[in-house]
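Comments concern the structure below.
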Amino acid sequence: MTEQPGSSAAGDGGWEPVIGLEVHCELRTETKLFCGCRNAFGDEPNTNVCPVCLGLPGSLPVLNAMAVDYAMRIGTALHCEIRPSLFHRKNYFYPDMPKDYQISQFDEPINVNGWLELPDGSRVGVERAHMEEDTGKTTHVGGGGRIHDAQHSLVDYNRAGVPLVEIVSRPDIRSSLQARLYAAELRGILIATGASDGRMEEGSMRVDANVSVRRPNDELGTRCEIKNLNSLRSLVRAIEYEISRQVDVLESGGTVLQQTRHWDENEGQTVALRSKEEAFDYRYFPEPDLVRVVPDTTWQSEVAAAVGPMPADRREKLAALLGPDGATAAKADQIATVVENGLDVLMTKAVHAGIGAPLALARTANEASAEPDRARALDTAAYTALLRMEQDGSLSATQAKVVLADLLDRGGDPAALARDHGFEALGADSLSGVIDELIAAHPNEWTRYVDGDDKLTGFFTGQAMKATQQKANGKAVAAELRRRRG
Amino acid sequence: MTDAKLTREDAAYVARLARIDLTEDELDLYAGQLAVVLEHAAQVAALDTTGVEPTAHPLPLQNVLRADEPRPSLDRDEVLAQAPAVEDHRFLVPRIMGDVP
């Protein structure tokens, strides 16, 4: 493998981490994968169930066409080869799976051999992205919700049978930071395809990490699979903990055991789950109640057309609006935030309506991105009108932020909202009077300013803000100061 | 399992995977019967199938799909009436030993 921007110079005493991620994402279909029950998060328990997803005898699965469509969109966005595919039964006993098998794609997945390019320029291979059904949701009662101490468990089958795509990366990731970039970029892509809402907190995107360490260029080390990573922050912390744990084991002469480990967010460590007496034997065999899925070229090209622009292209477009400035690290971060929150349309419309790109970027990446759901629903005309008030000086930056908070909160006309706050632009006459007073009150500072100490501009602007309860416009104050200095 | 004869241990392993509790006598009986079945199937495995596509389904069908349209689910009371135990509108199951596979 060639050295890439995302790869770490083998840190940690010459050990190189090798990481692969398995990401499960729930598809945004109306119904489940094999039956017409609703696919909805947060409904009353066991209200979206039927003989198929409860595994009742005699029921038969029928594949949801939209789920196949979404799976192909994901494959297309990840540059996969889309192939004829087949479902298998993966047999195991666990109460979250009422049929005692999960229908999943095994050796003939729909998407294979793709890749994902990260914002840092590194590329991570995608081995496969296959379809399968989700399990029910189990709640452990007693013992503080921990499985081993629980007295009994309760099962809600609303989630059983919800369509999933599992995206398996190649072990190309070399640091926790790169893992985070991968997960974040993948999330953006999933949302952009329309296939998933990518909400980690609701479990619609779930990440497992396979972590091992080795000496550079050695064979792969023994890996551990880490589960229960519910946020990007947990992903980074868990990988870092696991790398140093494995390095400690190896450096003290021990052997890393192949294990599934659970990330404990409160303790900040990974814990081995009950050791397995034997490897799981899932006795995979082809699902006899389903036939092969063979998407023809027409269907594939329809899917390719339905896949929207990817985050990387969208970032590039926004950067172009900013000119050479768009390439700086600070601006690139803000641009990434805007795209991640799906606010590029909002920003672009403002710029096309005459708002300066740096101002539009700042407000969209900061204030608007703090409330992304509301910002996406924002009236673009009102947003642009507000930014114009800031741009032409009738509102100060501080005032514009206050009005924007209102606009996000309840919408409305920005001019009226500004008036409600008493944010009337200070007339030139009263501003002039305020500055007269400031010069009288701070003669030494004024002399230094007149002598060319421009740092005093900030001082006088601050004083003017204070004297006018933030009604003065910073730019207007600075202009008036310059005018008087001559 | 085409070349080696099915052992008693194999039969016990398969029974455990399927959560079937067999007595020692039953294990002897079924191990013998399963071995005969597998020997029979081994005749098929002996055929030269070079260049023959594996059969995934006996019917010459593909792309059997349905539109993504909701259909009514079952009545919850009726569903939960089938459960051995219920709490909080959910199926109550015994304490689970071991982890999600």
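Note that the protein sequences, when read in sequence, are chains C and W. For the first sequence, my numbering assigns the number -14 to the initial residue and increments by one for each residue that follows. For the second sequence, my numbering assigns the number 2 to the initial residue and increments by one for each residue that follows. Think of the CB as a built atom: it goes at the ideal place given N, C-alpha and C, for glycine as much as any other residue.
- In terms of beta-carbon proximity, residue 79/W stays away from the interface with chain C, with every pair separated by 7 Å or more.
- Near chain C, meaning a CB-to-CB distance below 8 Å, no residue of the region 24 to 54 of chain W qualifies.
- Look at residue 69/W: its C-beta is under 7 Å from a C-beta on chain C.
- Within a 10 Å sphere around the beta-carbon of residue 417/C sit fewer than 16 other beta-carbons, which makes this residue exposed.
- The way I'd put it, the region 216 to 226 of chain C doesn't touch the region 93 to 106 of chain C; fewer than three beta-carbon pairs between them come closer than 8 Å.
- In this structure the region 417 to 435 of chain C does not lie against the region 350 to 367 of chain C, because fewer than three pairs of beta carbons, one per stretch, are closer than 8 Å.
- If you look at residue 205/C, you'll find it isn't in any beta strand (DSSP E); DSSP assigns it neither H nor E.
- Residue-level contact by beta carbon fails for residue 21/W and chain C, as no gap is shorter than 7 Å.
- When the Cα atoms are used, residue 466/C and residue 254/C turn out to be separated by approximately 58 Å.
- When the alpha-carbon of residue 136/C is set against those of 317/C, 274/C, 127/C, the nearest one is in 127/C.
- Minimum Cα-Cα distance from residue 405/C among the listed residues 387/C, 33/C, 239/C corresponds to 387/C.
- A residue is called buried once 16 or more other Cβ atoms fall within 10 Å of its Cβ, and residue 266/C, having fewer, is exposed.
- Under the 10 Å beta carbon count, residue 6/W is surrounded by fewer than 16 other beta carbons and is classified as exposed.
- Within the same chain, and ignoring the five residues on either side of residue 444/C in sequence, the residues whose Cβ sits closer than 7 Å to its Cβ are 430.
- Residue 6/C and residue 228/C do not touch by the CB rule: their CB atoms are close to 14 Å apart, not below 8 Å.
- Approximately 28 Å separates the beta-carbon atoms of residue 114/C and residue 39/C; this is outside 8 Å, ruling out the contact.
- Bridge partners of residue 10/C according to DSSP: 150/C, 190/C.
- At least one CB of chain W lies nearer than 7 Å to the CB of residue 137/C.
- With distances taken between CA atoms, residue 392/C lies nearest to 367/C out of 232/C, 378/C, 377/C, 367/C.
- Closest in alpha carbon position to residue 9/C, among 171/C, 21/C, 57/C, is 171/C.
- Contact between residue 288/C and residue 61/C holds, with the beta-carbon distance rounding to 6 Å and staying under 8 Å.
- Around the beta-carbon of residue 395/C, fewer than 16 other beta-carbon atoms lie within 10 Å, marking it exposed.
- The alpha-carbon of residue 303/C is positioned some 25 Å away from that of residue 381/C.
- For residue 89/W, the neighbours in chain C by C-beta distance under 8 Å run, in chain order, 30, 139.
- Nearest in C-alpha terms to residue 471/C, of all of 451/C, 440/C, 434/C, is 434/C.
- Excluding the 5 residues flanking it on each side, residue 311/C has same chain C-beta neighbours closer than 6 Å at 304, in chain order.
- By the 16-neighbour rule on beta-carbons within 10 angstroms, residue 40/W is exposed.
- Residue 22/W and residue 16/C do not touch by the CB rule: their CB atoms are close to 38 Å apart, not below 8 Å.
- Beta-bridge pairing by DSSP links residue 20/W to no other residue.
- One finds nothing in chain W with a Cβ atom closer than 9 Å to the Cβ of residue 392/C; even the nearest lies about 36 Å away.
- Checking the DSSP bridge columns, you'll see residue 88/W partnered with 91/W.
- In the DSSP assignment, no residue is bridged to residue 395/C.
- In this structure, residue 116/C lies near residue 150/C, with their beta-carbon atoms less than 7 Å apart.
- Under a 10 Å Cβ-count criterion, residue 204/C is classified as exposed, with fewer than 16 other Cβ atoms of the shown protein chains found around its own Cβ.
- With a cut-off of 8 Å on Cβ pairs, the region 22 to 33 of chain W is not in contact with the region 50 to 62 of chain W, counting fewer than three such pairs.
- When the beta-carbon positions are compared, residue 1/C and residue 201/C come within less than 7 Å of each other.
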